[in-house]
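Before any comments, here is the structure.
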Amino acid sequence: MKPIPYGRQNLTEEDIQAVIEVLQSDWLTQGPRIEEFERTIAEYCGAKYAVAVSNATAALHIACLAASLGEEDIMWTSPNTFLASANCGLYCGAEVDFVDIDPQTYNMSVTELENRLKHAEVEGKLPKVLIPVHFAGQSCEMKEIHELASRYGITIIEDASHAIGGSYRGKRVGSCEYSDMVVFSFHPVKIVTTGEGGIVLTNRKELYERLTLLRSHGMTRNPEFMQGPSEGPWYYQQIDLGFNYRMTDIQAALGTSQMKRIDDFIERRHELARRYNEAFKDLPIVTPWQHPDSYSAYHLYVVRLKLDKIRKSHRQVFEELREAGVLVNLHYIPVHTQPYYQRFGFRLGDFPKAEQYYREAISLPMYYGLTDREQDYVIDTLSRILA
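If you read the sequence shown in full-length UniProt numbering, its first letter stands for residue 1, the second for the next number, and so on.
This is how it looks when you write it as structure tokens:
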């Protein structure tokens, strides 16, 4: 059997034809497919506005800038995430800190958040922006997080890079019901892909207008936003310092085509999760717990090893799986333990729940095209290694 990756894109002839049509058209970038893709995502999620960009890191960056995050401000996120969720705050010159995770969901802990906010208020160090991360596709407890953020006047940007297609309390992730902005990723291992790409959703017009400026050099052709009259149909003005974070029509066409199958993608991932859960119920591992308010997109399927009940180390199990052709991964190394972040004073022991999780976690293969036969091989291999 060929090696089985932990994640993989799924492309059809329809997807390929959508890209070919763009390649044969007059527009390769900054054309009509961008707006079509943005409209598709916004309508699916139930949000008013969407701004497509080159990748989710760019999306996080301009979302922070749209929230006016800057020097002397503070941003909080989860330590159990990819580096971009924290780096976006540093790009803006802000101070970055973390809130430890809930040991069941692996998302930002509401209890930890509430305690830290109380102390931060006393110290005069409240965050301006909070970025909860929907780890593995399961939404954070956004109602409670929103209530806390509203109490302290904090802007919420949901990092939902794992979670398109998921829902929370009956509404799709991305609706912005409990946040100011939501970010999705369309990297190839994500649920829907544009090759590379990201998007920011919002229900606030002023944020939408600022996001569209920031993704394209801070320039506008809209006379409504110009200082002084337009000099002609060729005229544009730079009214802010922005970036070249634009998505191409090629990427947008692929994404729009992929969105036609998103519900099938999510349904299959849930089917795979059920098969894993049933197969692993008697093994010395912890399977993913699902919050009753959340319907996960299951971007990842993470197990935690009960190391006190097996005779092998975390690393041994990980390496034996890879040697057997099961190309597992580990999501994530806690951000605060990275050498770069330790320069800011973070140390091992600062966020013990995230650190304990990291010592036990392994991400197993989870993607739409994973066959039952391949999944059975993953199950049998892990069972044998843990025997």
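Glycine included, each C-beta is placed from N, C-alpha and C at the ideal position. On a predicted model such as this, the values are computed, not experimentally measured, just so you know.
- Looking at the DSSP output, glycine 198 shares a beta bridge with Val53, Ser185.
- Cβ neighbours of glutamate 147 within its own chain (closer than 6 Å, five residues either side excluded): none.
- Judged by DSSP secondary structure, threonine 381 falls within the alpha helix (DSSP H) whose first and last residues are 372–386.
- Serine 167 and valine 173 have their C-alpha atoms some 5 Å from each other.
- With contact defined as three or more Cβ pairs closer than 8 Å, the segment 187–198 and the segment 256–271 are in contact.
- Following the DSSP letters along the chain, one finds serine 257 inside the alpha helix (DSSP H) bounded by residues 249–259.
- DSSP, read as helix, strand or coil, puts valine 286 in strand.
- Taking a 10 Å sphere around the C-beta of glutamate 224, we find fewer than 16 other C-beta atoms and assign the residue as exposed.
- Between lysine 306 and the set Met181, Thr287, Ala136, the nearest pair of CA atoms involves Thr287.
- Residue Pro127 holds the alpha-carbon nearest to the alpha-carbon of isoleucine 74 among Pro188, Pro127, Ile34.
- Going by C-alpha positions, tyrosine 357 is about 20 Å away from tryptophan 76.
- With 16 or more neighbouring CB atoms inside 10 Å of its own CB, serine 54 falls in the buried class.
- For aspartate 263, the three-state secondary structure derived from DSSP is helix.
- For methionine 142, the enclosing alpha helix (DSSP H) covers residues 142–152.
- If one requires a minimum length of 4 residues, the alpha helix (DSSP H) runs lying completely within the segment 272–348 are 314–323, 339–342, in chain order.
- Taking 9 Å as the cut-off, the Cβ atoms of tyrosine 106 and leucine 201 do not count as close.
- The alpha-carbon of glycine 242 is positioned some 6 Å away from that of serine 216.
- The beta carbon of glutamine 9 lies closer than 6 Å to those of Pro188, Thr193 in the same chain, with the five residues before and after it left out.
- Under the DSSP assignment, aspartate 159 falls outside any alpha helix (DSSP H), being part of the beta strand (DSSP E) whose first and last residues are 155–159.
- A direct Cα-Cα distance of roughly 7 Å separates arginine 246 from alanine 52.
- The C-beta distance from tyrosine 152 to leucine 117 rounds to 6 Å, short enough to fall under 8 Å.
- Leucine 364: member of the beta strand (DSSP E) spanning 361–364, first to last residue.
- Taking C-beta atoms as the reference points, asparagine 80 and tyrosine 332 count as a pair closer than 9 Å.
- Here the segment 91–104 does not lie against the segment 362–380, with fewer than 3 beta-carbon pairs under 8 Å apart.
- Proline 292 and glycine 170 have their C-alpha atoms some 11 Å from each other.
- Comparing alpha carbon positions, the residue from Leu23, Ile164, Lys2, Tyr6 closest to alanine 253 is Leu23.
- In the DSSP assignment, aspartate 97 falls within the unbroken beta strand (DSSP E) covering 95–98.
- The Cβ atoms of serine 257 and glutamate 35 do not sit closer than 9 Å to each other.
- Serine 167 carries a strand assignment under DSSP once its states are collapsed to helix, strand and coil.
- Under the three-state reduction of DSSP output, arginine 8 falls in the coil class, being neither helix nor strand.
- Within its own chain, the residues whose Cβ lies closer than 7 Å to the Cβ of proline 334, once the five positions on either side in sequence are excluded, are Pro79, Asn80, Phe351, Ala354, Glu355, Tyr358, listed in chain order.
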